[in-house]
Amino acid sequence: MPDTKTPTELTSQYTAQVVADLERNAKEQERIGGEIEALQEQLNALRHDHAVLTNLHQALGVTTAPVETGPEPTAATSVPRQKTPGKPAEGKRRTRKADSAKATTARTSAARKPAVEAASAQPTLIELIRRYLTEQREPRSAAEVSTALGQTHPERRIQTNVVRTTLENLVAKSHAHRAKQGTSVFYTAVDAEEPSPGTEQPVKAETKVKAETKTDSA
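Per the working numbering, residue 136 is the first one in the sequence shown, and the count goes up by one each step.
See below:
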């Protein structure tokens with residue numbers, strides 16, 4: 136006898152199948168959602184590390200090196216080769232490729248020059264900090280320097296820990312003074328002005344007068 140099922144039995148089977156599919160779909164969504172969250176956390180950590188490394192790069196006073204481009208095509212490459220009998224189209228194809236390569240190189244060089252010039256013209260973090268300290272009349276902490284430079288240069292994304300490291304480097308190089316008041320540390324610029332020649336002239340003149348006086352008394 137053929138196996139016959141009532142509509143009620145078929146409905147129960149379909150319902151059970153749909154419920155199982157829904158549970159499997161929900162578990163898969165939960166698994167993929169967890170992976171996305173983990174990847175997002177990794178991406179945020181990488182972005183944070185990139186920002187810190189960028190500021191450290193600026194703190195070390197390293198400017199962007201000029202981008203090295205390939206050698207300019209020589210005159211020999213622009214001269215098409217002599218056509219060999221039986222292959223007239225090959226020389227034309229090579230000439231077109233050489234011209235295309237020269238045009239691409241020229242466009243790339245022209246696009247890179249403004250970016251390189253802009254990067255080299257931008258002052259380093261060390262220069263900004265030294266300039267700021269020189270303009271101040273009172274000692275400043277690393278947090279104050281970071282806040283001031285962050286307001287004047289918001290595009291630099293200046294961080295306090297990077298500024299503190301840079302200030303300590305300036306102190307180590309005798310380009311800044313470091314003073315501690317309680318638990319706070321303050322920095323001031325070093326007065327690098329040398330005494331002008333005019334300040335030494337009275338001493339030399341006085342020495343000359345004394346020498347002449349001794350000569351007359353003798």
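Ideal Cβ positions, reconstructed from N, Cα and C, are used throughout, including at glycine.
Quiz prompt | Boundaries (first-last residue) of the beta strand (DSSP E) holding Arg313 | solution = Ala311 to Gln316
Quiz prompt | With 16 other Cβ atoms within 10 Å as the buried cut-off, status of Thr301 | solution = buried
Quiz item: Run through DSSP, which three-state label would Ser319 get?
Solution: strand
Quiz item: Do you know how far the Cα of Val297 is from the Cα of Ile167?
Solution: 37 Å
Quiz item: Which of the three DSSP states, helix, strand or coil, is assigned to Arg272?
Solution: DSSP, read as helix, strand or coil, puts Arg272 in coil.
Quiz item: Any idea which residues DSSP pairs Ala324 with across the strands?
Solution: For Ala324, which the question treats as bridged, DSSP gives the partners Ala311.
Practice problem: Report yes or no: do three or more beta-carbon pairs, one from the segment 307 to 320 and one from the segment 285 to 292, lie closer than 8 Å? | Solution: Verdict: no, contact absent.
Exercise. Helix, strand or coil for Gln294, going by three-state DSSP, please let me know.
Key: coil
Quiz item: If Tyr267 sits next to Ala277, beta carbons under 8 Å apart, how far is it from one beta carbon to the other, in whole angstroms?
Solution: Not a contact, Cβ separation roughly 12 Å.
Practice problem: Work out the CA separation of Glu163 and Glu303 for me, nearest whole Å. | Solution: 52 Å
Quiz item: In terms of residue numbering, what span does the alpha helix (DSSP H) encompassing Gly168 cover?
Solution: Pro142 to Ala194
Exercise. Quick one: residues in its chain with C-beta nearer than 8 Å to the C-beta of Val306, no 5 flanking neighbours on either side, listed in chain order?
Key: His312, Arg313 and Tyr322
Quiz item: Taking all protein chains shown into account, do 16 or more other C-beta atoms lie within 10 angstroms of the C-beta of Asn160, making it buried, or fewer, making it exposed?
Solution: Result: exposed.
Self-check item: Spatial distance of Ser319 from Pro274 (CA atoms)
Solution: Here the alpha carbon of Ser319 sits roughly 11 Å from the alpha carbon of Pro274.
Quiz item: To which residues of the same chain is Arg299 closer than 6 Å at the C-beta, ignoring the five residues directly before and after it?
Solution: Ala277
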